Structures are given as C-alpha cells and as structure tokens.
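Asks: Counting from 18, one number per residue, gives the positions in the sequence shown under the numbering used here.
For glycine and all other residues, C-beta sits at the position ideal for the given N, C-alpha and C.
Since we're looking at a predicted model, the values are computed, not measured.
Here it is, the structure, as structure tokens.
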Amino acid sequence: MPLLEVEELVKYFPIKYGLFGKTIGYVRAVDGVSFSIKENSVFSLVGESGSGKSTIAKCVLKLLEPTSGRIVFEGKDITSLRGKSLKWYRRSVQAVFQNPFLSLNPRMKVESIVAEPLKIHLGMKSDEAKEEVYKLLELVGLSREIGSKYPHELSGGQAQRVAIARAIASKPRLLVLDEPTSALDASVQAQILNLLMDLKKELRLSYLLISHDLSVVRYMSDYVAVIYLGKIIEYGSVEELFNYPAHPYTKALLSSVPEPDPATRKLKNRIVLPGEPPSPVDPPKGCRLSPRCPYVQEKCKSSEPELISIGKDHLVRCWLFQ
C-alpha cells in the first residue's frame, strides 16, 4: 500500500468581481491530478512557474482545501479531516520551504524553534526537549551553540538545516520539500541535498519534492511527474523519463537545462516552444499544449488525450501515442 495517494485532485480559485464579490470565473490551478508515493521513496513534481506544483503541495499539507478529489495517507482519507482529528497527520507530514528565513520565527531562538514540535506533538517536557534539540542539531550538522542564536544570525545553509531539524523533530513519515535549495548558494546546495538523502536513509523518510531544478530532481528522485497547466502530462521513473522523454513539453523542458561544457553545448538540440502558456482561467479545450506544440494535429485542439502507458512505469498524455 502506498504511503500517500492523491486521487483526481482539483483546486479552483474563484475570481471575484464587484462590490458584492460575485464569482465570474475560476483559476484552474490543479485540474484532476493523481499520483502515489511509496514508502522510503522520492516523488518529484516538475514544471514551469504557474503549473500548479506548489498548489498540489499545499493541498497535501492541508494548507489549502481541495475543490474535489481525495488525499489518502496510510490508508486513511484525510480530505475532510478538521481540527483536532488532523493532529496525527500534522505530526506525520511536515514541510521544508524554499526560504528558511521566512519559515522560521525571527523572535524565537533556534532551541525554541526546534523544541516546539517536540512539546506539541510528542508531549516532551522542557528539559527532555532540550536534550532532544541538541541531538537533532547534531543530526543535521550543526553545533550546540547554534541553539542560542536567532535566525537572522545564521547563514542561509545553517537556517535551512534548522528548518530541516524542526521538520524531522516530530518523527514524520513524509516531508514535502518545496524548492529546498533554490534560495541557497551553489556550494551549499550540494551539502543540503546530501543531508536530505542521508536523513531519508537513516530515518526511512519519503519525500514529495517540488523543484524547477532538473539536476536536483534527477539526483534525488525515484519517480517524476511533469505538470503543465494543472495536469500531469508525463509520469515515469527518473531513469525512464530523463533518458526517454516522450511528451513534446518534457523534451523542451529537458532541453532547457544549461550545458556547462562548451563543446557539448554546441551539439545540444535545444527545443524552444513558441508563445506563452495559456491562461489557467480559460485553458484550451483539447490538449493544453496544443497552442504551442510543434506536432499539433486537429484532434489535439478539440479533445484531450488520456494518460496512457507507453512502457514500464512510463505514462504520457499525448495524441502522438494514443
């Protein structure tokens, strides 16, 4: 049984207008997304800005209520849970956000920040929590002295390690990683990624990774889903998707990765899709990539293709493979 299952998740944001806030339309941020995450695995969502990745993450974290669909964790439907009945889920699913300085309370010392989930979720007393805080700081590569500092006294890498320590304090089973390294220097990014992979192995964690950095996705992931305009258009194991991309959008996305070697750079076939992504307020009737796709056919404009299997652990939503 998967650790987390997301079934036909839909999230629409109403567009209000006028004095009385009449709803005149909807932003279709997420439109029927389904996936599952296995235990001790990394599942990644990739796509350009505005594709719906972070909205999916917020629905999984119960920071946003979905318009429809189901979210099942450890076999329990948590979609309609509210209040105190959500406490076990809050303990089991934690998050690490992009900017640690925005997610850490600037008025609390590091020791208090990390101790808070220990007291709330595990019921520890102050002395017991203090010793556990030191163990957690050591686990993420920080010294005890960091505990007496405020977030603004830390470097970006140190602050993100504190955020990770706080996230694992409640002994969760799933971490949602929303661009966990994009706000850090390049030299620090590798350290944080290696720390996350070590913690995954040591604590048997599962990750839902949201990232626009495809090199990070390739390094960390077991499975990858490509999102475009609120829908999954391709899904597969990391080896299958990166080595044998099928959807035209996935090919364009992978070709956009900068090539550091000048000799190889000249040989790279870069695919540039024309135009801009359509508005999620009024998406195309057929395939959502049809206004920009170089292989567009008439049926692409009128009807949407299904997500079908084209190989082991490889699904694609494109009329070229129907």
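What is the residue span of the beta strand (DSSP E) that G42 lies within?
Replies: Along the sequence shown, read from residue 1 onward, the residue named residue 42 stands at position 25. It spans K39 to I54 - the beta strand (DSSP E) in which G42 sits, taken as one unbroken run.
Asks: Starting from F30, trace the beta strand (DSSP E) in both directions and tell me its first and last residue.
Replies: The sequence position of residue 30 within the sequence shown is 13, counting from 1. For F30, the enclosing beta strand (DSSP E) covers residues L21 to Y34.
Asks: I244 by DSSP, collapsed to three states: which one?
Replies: In the sequence shown, the residue the question calls residue 244 occupies position 227. Looking at I244 - three-state DSSP - the assignment turns out to be strand.
Asks: So, using beta-carbon positions, are Y312 and P265 closer together than 7 Å?
Replies: Here residue 312 refers to the residue found at position 295 when the sequence shown is read from its first residue. Here residue 265 refers to the residue found at position 248 when the sequence shown is read from its first residue. Yes, they are a contact pair.
Asks: Would you say R287 and F259 are within 7 Å of each other, going by their C-beta atoms?
Replies: Position 270 of the sequence shown, counted from the start, is the residue given in the question as residue 287. Position 242 of the sequence shown, counted from the start, is the residue given in the question as residue 259. Against a cut-off of 7 Å, the Cβ pair of F259 and R287 comes out as no contact.
Asks: Considering only C-alpha positions, which residue in the set C335, G174, Y252 and V298 is nearest to G64?
Replies: Here residue 64 refers to the residue found at position 47 when the sequence shown is read from its first residue. Looking at the Cα atoms, Y252 is the closest of the given residues.
Asks: Which term fits A203, buried or exposed, when burial requires 16 or more other beta carbons within 10 angstroms of its beta carbon?
Replies: Residue mapping note: residue 203 aligns to position 186 of the sequence shown, counting from 1. A residue is called buried when at least 16 other Cβ atoms come within 10 angstroms of its Cβ; A203 does not meet this threshold and is exposed.
Asks: For S53, which residues from the same chain have a beta carbon less than 6 Å from its beta carbon, with the 5 sequence-adjacent residues on both sides left out?
Replies: The sequence position of residue 53 within the sequence shown is 36, counting from 1. Cβ neighbours of S53 beyond the five flanking positions: P19 and E22.
Asks: Alpha carbon to alpha carbon, how far is L106 from P291?
Replies: Working through the sequence shown from its first residue, we reach residue 106 at position 89. Working through the sequence shown from its first residue, we reach residue 291 at position 274. The sequence given here places Tyr at residue 106; Leu does not occur at that position. Spanning the two alpha carbons is a distance of roughly 43 Å.
Asks: So what does DSSP say about G328, is it helix, strand or coil?
Replies: One-based indexing of the sequence shown puts residue 328 at position 311. In this structure, G328 counts as strand in the three-state DSSP scheme.
Asks: Can you list, in chain order, the residues of its chain whose CB lies under 7 Å from that of L78, leaving out five sequence neighbours each side?
Replies: Taking the first residue of the sequence shown as 1, we reach residue 78 at position 61. Correct list, in chain order: V110, A112 and V193.
Asks: When we look at the beta-carbon of D195 and count the other beta-carbons within 10 Å, is it buried (16 or more) or exposed?
Replies: Counting from one through the sequence shown, the residue named residue 195 turns up at place 178. When all chains shown are included, D195 counts as buried.
Asks: Taking all protein chains shown into account, do 16 or more other C-beta atoms lie within 10 angstroms of the C-beta of F114, making it buried, or fewer, making it exposed?
Replies: Your numbering for residue 114 matches position 97 in the sequence shown. With 16 or more other Cβ atoms inside 10 Å of its own Cβ, F114 counts as buried.
Asks: Could you pull the DSSP bridge partners for Y224 from this structure?
Replies: Start at 1 with the first residue of the sequence shown, and residue 224 comes out as number 207. Y224 is bridged to V59 and L192.
Asks: What first and last residue would you give for the beta strand (DSSP E) that runs through S85?
Replies: Taking the sequence shown and counting its residues from 1, one reaches residue 85 at position 68. S85 to F90 is the extent of the beta strand (DSSP E) around S85.
Asks: Pick out whichever of A207, R161, A200 and V157 has its Cα sitting closest to the Cα of A186.
Replies: In the sequence shown, the residue the question calls residue 186 occupies position 169. Checked all of A207, R161, A200 and V157; the closest Cα to A186 is V157.
Asks: Between the stretch 32–45 and the stretch 211–231, are three or more C-beta pairs nearer than 8 Å?
Replies: no
Asks: For I295, which residues from the same chain have a beta carbon less than 8 Å from its beta carbon, with the 5 sequence-adjacent residues on both sides left out?
Replies: In the sequence shown, residue 295 corresponds to position 278, counting from 1. The amino acid occupying residue 295 in the given sequence is Pro; Ile does not appear at that position. These residues qualify, in order along the chain: L246, P301, R305 and P308.
Asks: Please classify G100 as buried or exposed, where buried requires at least 16 neighbouring CB atoms within 10 angstroms.
Replies: Numbered from its first residue, the sequence shown carries residue 100 at position 83. Its Cβ having fewer than 16 others within 10 Å, G100 is exposed.
Asks: Distance check for L201 and V179, CA to CA, integer angstroms please.
Replies: In the sequence shown, the residue the question calls residue 179 occupies position 162. In the sequence shown, the residue the question calls residue 201 occupies position 184. Between the C-alpha atoms of V179 and L201 there is a straight-line separation of about 14 Å.
Asks: Compute the distance between the beta-carbons of S51 and E24, then report whether it is under 7 Å.
Replies: Walking along the sequence shown from the start, residue 51 turns up at place 34. Walking along the sequence shown from the start, residue 24 turns up at place 7. With contacts defined as CB atoms closer than 7 Å, S51 and E24 qualify as a contacting pair.
Asks: Can you tell which of H229, V205 and L154 has its C-alpha closest to the C-alpha of G69?
Replies: Along the sequence shown, one-based indexing puts residue 69 at 52. Closest by alpha carbon: H229.
Asks: Around the Cβ of V298, are there at least 16 other Cβ atoms within 10 angstroms (buried) or fewer (exposed)?
Replies: Stepping through the sequence shown from its first residue, residue 298 is reached at position 281. So V298 counts as exposed.
Asks: Specify the secondary structure class of Y12 as computed by DSSP and reduced to three states.
Replies: Given that the chain is displayed from residue 18 to residue 339, the structure contains no residue 12 and the question cannot be resolved.
Asks: Quick one: using the 10 Å Cβ neighbour count with 16 as the cut-off for buried, is P275 buried or exposed?
Replies: Locating residue 275 in the sequence shown gives position 258, counting from the first residue. It is exposed - the Cβ of P275 has fewer than 16 other Cβ atoms within 10 Å.
Asks: At what residue ranges does the stretch 87–120 contain a whole run of the alpha helix (DSSP H), taking only runs of 4 or more?
Replies: 104–109 and 117–120
Asks: If we call anything under 7 Å between Cβ atoms a contact, is A176 one with P189?
Replies: Residue mapping note: residue 176 aligns to position 159 of the sequence shown, counting from 1. Residue mapping note: residue 189 aligns to position 172 of the sequence shown, counting from 1. Contact flag unset, no.
Asks: Spatial neighbours of N116 within its chain, please: C-beta separation below 8 Å, excluding the five flanking residues on both sides.
Replies: Along the sequence shown, read from residue 1 onward, the residue named residue 116 stands at position 99. Closer than 8 Å at Cβ, skipping near neighbours: A200.
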